[in-house]
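Enquirer:
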Amino acid sequence: MKQKILNILKRNQDWVSGETLCRGLGVSRTAVWKHISGLREDGYQIEAKANLGYRLIASPDVPFPAEVMSGLSATVFGHNLVHLEEVASTNAEAKKLAREGCPEGTVIIAETQNGGKGRLGRAWFSPRAGGLWFSIVLRPPVNLIDTPQVTMVAAVSVATAIREHTGVPAGIKWPNDILVDGKKICGILVELNAEMDRVDFMVAGIGLNVNIGKGEFPPELADIATSLSMESGRHIYRVPLLRSLLQQFETWYYRWLNEGFAVVLDKWRHMCVTLDCPVTVHTVKETYSGYAFDVDDTGALLVRTRDGSVQRLVAGEVTLRKQLRKQ
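Numbering (the numbering used here), first residue to last: 1334 to 1660.
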């Protein structure tokens, strides 16, 4: 009911009488007042005057479904959106909904995570309202061998949205970390649920530092992490940024499905800060040091080692050993 009242207030630029709300929604004046009070608690500024009714003055910068969908240009991603105050992990919640049959493009977003994780099981710092912590359910009709490409689709989408929406020169560290001047600003974790011959669903989890001050990062992250507000020197509004992220992800996801991986990979190369750099790559079994000179047509990193051999690496933790390539 709160959502319905909010939609009516958003559609009208002027006052909406209590009688109009009661008649249109089939509820009492007491019920309308109760839900108006609830919207105010959520941060909506709603003016009330006798003989005039109610008028929406301002909306909070909180990714409630109504806020995100108002002006959302994506046609699939974000149209089924679940907003949570606190959750252990948005990826875990997204996987639960995916198993229950939620549609592709479903988004789970939380104000804070108390068990968020990144690659290799590392904890992810997710302070309340300090960033965008969300996961998207995907159901790509592709072979299992092609599913790792989604990590690069996600990286291209996020980096493009950051650049176009904020002007911050985000770059990609292989395969899908987002950096600004060598510091991590966004982590991406893609998880897969599949059977022997088909993909059931995938979940792309994104943790983007938006309005976190330098002094807010824990000591172990202070020198290696950054945020959009720190890099841009201004407060970044989260709702329009989320709309941009969803639009870019939808665009690049369907380009990948319809045009193939090459178009994604070409964009990824132009935004990558790993290529043309000395690197050390730690894999599960071995560590390689050398020069990252390219990726192949599957997205695997090609590293020329000191003995002149070329190693093709499909997974690993990359450490860059010089100033990053500017993008």
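Glycine residues also receive a C-beta, built at the ideal position from the N, C-alpha and C atoms.
In three-state terms, what does DSSP make of E1352?
Expert: helix
Enquirer: Please name the residue in T1559, W1466, T1652, A1487 whose C-alpha comes closest to that of K1600.
Expert: A1487
Enquirer: Counting only runs of 3+ residues fully inside the stretch 1584–1657, write out the beta strand (DSSP E) ranges in chain order.
Expert: 1610–1615, 1620–1628, 1634–1638, 1643–1646, 1650–1653
Enquirer: Anyone know if the C-beta pair for A1431 and T1423 falls short of 9 angstroms?
Expert: no
Enquirer: Taking the alpha carbon of T1363 as the point to measure from, which residue in D1375, L1342, M1334, Y1377 has its own alpha carbon closest?
Expert: M1334
Enquirer: Just to confirm, is the Cβ distance from G1515 to L1653 under 9 angstroms?
Expert: yes
Enquirer: May I have a chain-ordered list of the beta strand (DSSP E) segments no shorter than 3 residues that lie completely inside the stretch 1338–1404?
Expert: 1378–1382, 1386–1391
Enquirer: Excluding the 5 residues flanking S1565 on each side, which residues of the same chain have their C-beta closer than 8 angstroms to its C-beta?
Expert: By the criterion of a C-beta distance shorter than 8 angstroms, S1565 is surrounded in its chain by T1499, G1500, V1501, once the five residues flanking it on both sides are discounted.
Enquirer: Nearest to I1726 by CA position, among L1339, P1551, W1507, S1577, is which residue?
Expert: Past the boundaries of the shown model lies residue 1726; the chain is included only from 1334 to 1660, so the question cannot be answered.
Enquirer: Would R1373 and L1342 qualify as a contact pair, given that the criterion is a beta-carbon distance under 9 angstroms?
Expert: no
Enquirer: Whose CA, out of G1448, T1559, D1479, lies closest to the CA of A1503?
Expert: T1559
Enquirer: I'd like the span of the alpha helix (DSSP H) that includes E1564, first residue to last.
Expert: 1561–1565
Enquirer: Buried or exposed: which applies to E1433, given that a residue is buried once 16 or more other Cβ atoms fall within 10 Å of its Cβ?
Expert: Exposed, because fewer than 16 other Cβ atoms sit within 10 Å of the Cβ of E1433.
Enquirer: With a 10 Å radius around its C-beta and 16 neighbouring C-beta atoms as the bar for buried, classify T1638 as buried or exposed.
Expert: Burial call: exposed.
Enquirer: Select from E1524, S1392, D1630, A1633 the residue whose C-alpha is nearest the C-alpha of A1336.
Expert: What sits at residue 1336 in the sequence shown is Gln, not Ala. Considering only alpha carbons, the answer is S1392.
Enquirer: First and last residue of the alpha helix (DSSP H) that includes L1430?
Expert: In the DSSP assignment, L1430 falls within the alpha helix (DSSP H) that extends over 1423–1432.
Enquirer: Can you tell me whether D1629 is buried or exposed? The criterion is at least 16 other CB atoms within 10 Å of its CB, across all chains shown.
Expert: Answer is exposed; the Cβ neighbour count stays below 16.
Enquirer: Under DSSP, the alpha helix (DSSP H) around A1492 begins and ends at which residues?
Expert: The continuous alpha helix (DSSP H) containing A1492 extends over residues 1482–1499.
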